[in-house]
Every structure is written in structure tokens, then in C-alpha cells.
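*Asks:* The following block contains the structure, expressed as C-alpha cells.
Numbering (the numbering used here), first residue to last: 13 to 426.
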């Protein structure tokens with residue numbers, strides 16, 4: 013082999029290495045989450061300008077929640093398909109498919125609430141990208157680094173911050189179709205780049221059993237239902253705040269839509285930063301202590317926020333503390349999954365757990381909208397979050413701790 017040929021081979025290996033794959037997967041996650049969150053910042057704006065009709069608080073909550081529930085349930089199928097076909101195929105496919113509902117929203121649905129719900133339903137496809145990335149990244153890294161790697165990938169959920177910071181501004185200052193068309197163009201570029209650059213990890217073996225049998229087997233694993241609860245609270249809480257916080261801040265604190273979106277972006281940024289931190293801490297100290305600390309913080313801070321403290325002081329501190337706790341808890345959940353789950357099952361388990369997380373984000377906005385519509389208060393909903401976090405903390409310190417300990421015992425040779 014000549015020097016030139018060796019140089020070409022070396023370059024190809026570097027471009028196909030684990031960190032390159034991690035960066036590409038994280039970008040893909042961020043871009044798809046950007047698309048997934050396009051409707052959320054526009055909900056309060058549509059309620060004010062009446063463009064899609066007269067909307068109640070519950071109408072807005074439903075509009076922003078529909079993509080969440082579809083993207084969540086879709087992860088069950090997409091995670092299993094990723095085990096079968098690999099992220100090299102699924103990432104560009106999901107990204108390309110997402111372009112279709114975005115264009116529908118841009119050119120067909122902007123004057124109709126019903127059509128916004130239809131477009132939002134199919135936009136949920138973007139939310140399934142999470143179930144592609146976790147098994148893809150997990151396969152590229154050794155067990156000792158999987159918490160950090162999956163946590164870094166999970167930081168791609170910051171795509172919702174891109175949407176929060178840009179959607180309303182583009183809608184108002186350029187054109188009402190601009191946020192959709194720009195996102196569609198970015199997705200198209202990513203889909204092409206992913207098709208050319210992504211490679212599945214060496215040695216990856218595709219399962220030979222049927223999809224139904226794999227889903228059934230994965231659902232029976234104890235880690236699956238435990239992680240579903242953990243992630244429903246951690247990531248579900250993050251999603252709920254990221255989609256509903258603009259409406260909450262505007263109604264409860266009188267902020268403008270742009271200011272509310274900016275503050276929501278701050279919440280997202282803190283959660284995004286803490287997700288890889290949670291994975292890294294889990295690699296060093298174990299996932300259970302990280303999860304327990306996160307749920308304790310949420311339980312306390314949600315209770316404080318129920319008292320409606322002012323945003324120029326305690327109010328902002330408790331929301332940012334919850335963002336940090338929810339982000340670290342989300343990273344720690346998948347660090348735990350990576351440690352106790354066979355690599356060939358990670359995609360399927362991720363799909364089920366990811367679905368639970370997304371559904372965890374679907375319910376709170378509807379509850380908050382329903383409760384506020386009847387009581388003119390968000391306090392009840394926040395107290396419910398506090399109690400839920402406290403119960404999840406108890407689960408973490410008992411059942412989940414035993415699961416993690418049993419796995420460590422199994423790995424110690426007799």
C-alpha cells in the first residue's frame with residue numbers, strides 16, 4: 013500500500029470513528045427536535061391574533077401536545093426498526109419524512125386550527141429520531157463511556173431551544189412561512205449528509221426474530237418499566253415545560269410571546285447542558301445517585317414554584333434548578349439502560365422508554381390547561397409534579413437501586 017493510499021484509508025477511518033458518528037447523530041437529533049417543536053412557540057401567538065380561530069387555553073395545549081404524543085408512540089416502532097436496519101438508514105429516512113408535514117404546515121395549515129392539528133400529528137415523526145440515536149451511539153462506545161456518549165447525544169434535545177429562539181422572530185419579521193421553510197431546508201441538507209457520512213458500528217448484528225416478538229420480550233424486562241417511569245418524569249417534565257412554558261409565562265406572569273420564548277430557551281439550554289453532565293456523573297458514580305438527586309430537586313422546586321414566586325428572584329432560580337435536575341435525570345436514565353441492557357436490545361428498550369418520556373410530556377400540558385381553565389391557577393398542576401417527583405425518588409432509592417445492584421452482581425465472576 014502506498015503512502016497516499018494509507019493516508020486515504022486513515023482519513024476514512026477518522027471520518028467513520030465513534031466521535032464523528034456521535035457528532036452527526038447529535039446534530040440529527042437537534043435538527044429533528046427543532047422541527048418537532050415548531051408549533052409550540054406559535055401557540056400563544058395564534059391565540060392572540062386569532063389567525064386559526066378563537067382558541068382557549070386547552071385548545072393551545074392540545075395543539076402543542078399533539079406532535080409530542082405522536083413522536084412518543086412512534087419511538088416504539090422506530091426503536092425496533094433501528095435495531096433491525098441501523099441508524100445509518102433510519103436517521104436520513106426520518107429526517108426526509110419530516111420535511112413533508114413541515115411543508116404542509118407552511119403552505120396549507122396556517123389558517124386552520126384543524127389542519128394545524130393534522131400537520132402537528134405527522135410532525136410528530138421528528139420526535140422519533142431519539143429512538144434512532146441512542147442505540148446507534150450506544151453501539152459505537154464501550155460500556156465505561158456510554159453514559160457520557162448517550163448524554164452528549166441527548167444534548168441534541170436543545171433543538172427545541174433553536175425553535176424557541178427563532179420561530180416567533182422569523183414568523184413576525186420575515187414571513188409566516190419562513191420558520192417552516194428554513195427548517196425543511198436544514199432537514200434536507202442533514203438527510204443528504206447523514207446518508208453519505210453515517211456508518212453503523214463495526215460488528216453490529218441485526219436481530220432475526222420478528223418485530224412483535226422483540227417488542228414483547230423487551231417489554232418484559234424489569235429495566236424497561238422502571239426506566240419508563242424514570243424517563244416519563246425526567247424527560248417528560250422537560251418536554252412539558254419546553255412546550256407549555258411560553259403559554260404559562262404569558263398567562264401567569266404577563267410576558268410577551270417573544271420574552272416567554274426566550275425564557276423557555278434559557279430553561280432548555282440549562283437542561284441540555286446538564287444532560288451529558290448527568291451521563292458523565294453516572295459513569296463515575298452510578299446512575300442511581302444522580303437520579304435520586306434530580307428527583308429530590310424537582311420535588312422541592314416544583315412545590316416552591318406552586319406558590320407563584322416572582323420571576324425576578326426565586327421564580328427564575330427554581331425553574332432553572334428544575335431544568336438542571338430534569339436534564340441530568342434524563343442523561344442518567346439512559347446511562348442506566350446502557351449499563352444493564354444487552355446491546356442488541358437497546359433500540360427496542362429505548363423506543364419503549366422514549367415513548368414513556370414523550371407521553372410524560374404530553375399529559376402535563378393538558379392537565380395544566382384543564383386545571384387553569386377551571387381554577388385560574390397553575391399551583392395545583394405544579395403540586396402534582398412535586399408529588400410525582402417525590403414518588404419517583406422513592407422508586408429510585410428502592411426498586412431501581414436493586415436492579416442496578418443485581419446487574420453489578422451478575423457481572424462479578426464467582
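In this text, a Cβ means the ideal position worked out from N, Cα and C, and glycines have one as well. Everything numeric in this text was worked out from a predicted model, so none of it was measured.
Under 7 Å, do residue 206 and residue 363 count as touching if we go by C-beta distance?
*Replies:* Start at 1 with the first residue of the chain shown, and residue 206 comes out as number 194. Start at 1 with the first residue of the chain shown, and residue 363 comes out as number 351. Against a cut-off of 7 Å, the Cβ pair of residue 363 and residue 206 comes out as no contact.
*Asks:* Suppose contacts are defined by Cβ-Cβ distances below 7 Å. Is residue 199 in contact with residue 110 by that definition?
*Replies:* Looking up residue 199 in the chain shown gives position 187. Looking up residue 110 in the chain shown gives position 98. Contact: yes.
*Asks:* Grab the span of the alpha helix (DSSP H) containing residue 328 for me, first residue to last.
*Replies:* Numbered from 1 along the chain shown, position 316 holds the residue referred to as residue 328. That run of the alpha helix (DSSP H) goes 326–352.
*Asks:* Given a threshold of 16 other Cβ atoms within 10 Å of its Cβ, counted over all protein chains shown, does residue 249 qualify as buried or as exposed?
*Replies:* By one-based count along the chain shown, residue 249 stands at place 237. Classification of residue 249: buried, given that the 10 Å Cβ count is 16 or more.
*Asks:* What is the rounded straight-line gap between the Cα of residue 84 and the Cα of residue 185?
*Replies:* Position 72 of the chain shown, counted from the start, is the residue given in the question as residue 84. Position 173 of the chain shown, counted from the start, is the residue given in the question as residue 185. Cα to Cα, the separation comes out at about 32 Å.
*Asks:* Would you tell me roughly how many angstroms separate the C-alpha atoms of residue 113 and residue 270, rounded to the nearest one?
*Replies:* Looking up residue 113 in the chain shown gives position 101. Looking up residue 270 in the chain shown gives position 258. Taking the straight line joining both Cα atoms gives about 25 Å.
*Asks:* Starting from the C-beta of residue 122, find all residues in its chain whose C-beta is less than 8 Å away, skip the five residues before and the five after it, and write them out in chain order.
*Replies:* As a first step, residue 122 must be located in the chain shown, where it is residue number 110. Hits under 8 Å: 63, 64, 128, 188 and 189.
*Asks:* DSSP on residue 129, reduced to helix/strand/coil?
*Replies:* Along the chain shown, one-based indexing puts residue 129 at 117. Residue state, collapsed to three classes: helix.
*Asks:* For residue 116, which of 124, 131, 303 and 405 has the nearest alpha-carbon?
*Replies:* Your numbering for residue 116 matches position 104 in the chain shown. Among 124, 131, 303 and 405, the Cα nearest to that of residue 116 belongs to 131.
*Asks:* Which same chain residues, not among the five before or five after residue 424, have their C-beta less than 7 Å away from its C-beta?
*Replies:* On the chain shown, position 412 is the one that residue 424 refers to. Confidence at residue 424 is low in this model, with a pLDDT of 39, below 50, so the placement of that residue should be treated as unreliable; the coordinate-derived value is given next. Apart from sequence neighbours up to five positions away, no residue of its chain approaches residue 424 with a beta-carbon distance below 7 Å.
*Asks:* Shortest alpha-carbon distance to residue 107 belongs to which of 230, 48 and 214?
*Replies:* Here the question's residue 107 lines up with position 95 in the chain shown. Per the Cα distances, 48.
*Asks:* Would you mind sorting residue 31 into buried or exposed? The rule is 16 or more other CB atoms within 10 Å of its CB.
*Replies:* Position 19 of the chain shown holds residue 31. Exposed, since its Cβ has fewer than 16 Cβ neighbours within 10 Å.
*Asks:* Measuring alpha carbon to alpha carbon, tell me which residue in 338, 308, 333 and 278 is nearest residue 288.
*Replies:* Counting from 1 along the chain shown, the entry for residue 288 is found at position 276. Among 338, 308, 333 and 278, the Cα nearest to that of residue 288 is on 338.
*Asks:* With distances taken Cα to Cα, identify the nearest neighbour of residue 210 among 98, 382 and 415.
*Replies:* Position 198 of the chain shown, counted from the start, is the residue given in the question as residue 210. Nearest of 98, 382 and 415 to residue 210, Cα basis: 98.
*Asks:* Determine the contact status of residue 350 and residue 150, defining contact as a CB-CB distance below 7 Å.
*Replies:* By one-based count along the chain shown, residue 350 stands at place 338. By one-based count along the chain shown, residue 150 stands at place 138. Using a Cβ distance threshold of 7 Å, residue 350 and residue 150 count as a contacting pair.
*Asks:* Using the C-alpha atoms, what's the distance from residue 234 back to residue 414?
*Replies:* In the chain shown, residue 414 corresponds to position 402, counting from 1. In the chain shown, residue 234 corresponds to position 222, counting from 1. Spanning the two alpha carbons is a distance of roughly 11 Å.
*Asks:* Could you tell me if residue 69 is buried or exposed, where buried requires 16 or more neighbouring beta carbons within 10 angstroms of its beta carbon?
*Replies:* As a first step, residue 69 must be located in the chain shown, where it is residue number 57. The residue in question, residue 69, is buried, as its Cβ has 16 or more Cβ neighbours within 10 Å.
*Asks:* What ranges does the alpha helix (DSSP H) occupy inside the stretch 101–177, keeping only unbroken runs of at least 4 residues that lie completely in it?
*Replies:* 125–135, 141–152 and 158–166
*Asks:* Out of 139, 159 and 46, which has the shortest C-alpha to C-alpha gap to residue 293?
*Replies:* Here residue 293 refers to the residue found at position 281 when the chain shown is read from its first residue. Of the listed residues, the one whose Cα sits closest to residue 293 is 159.
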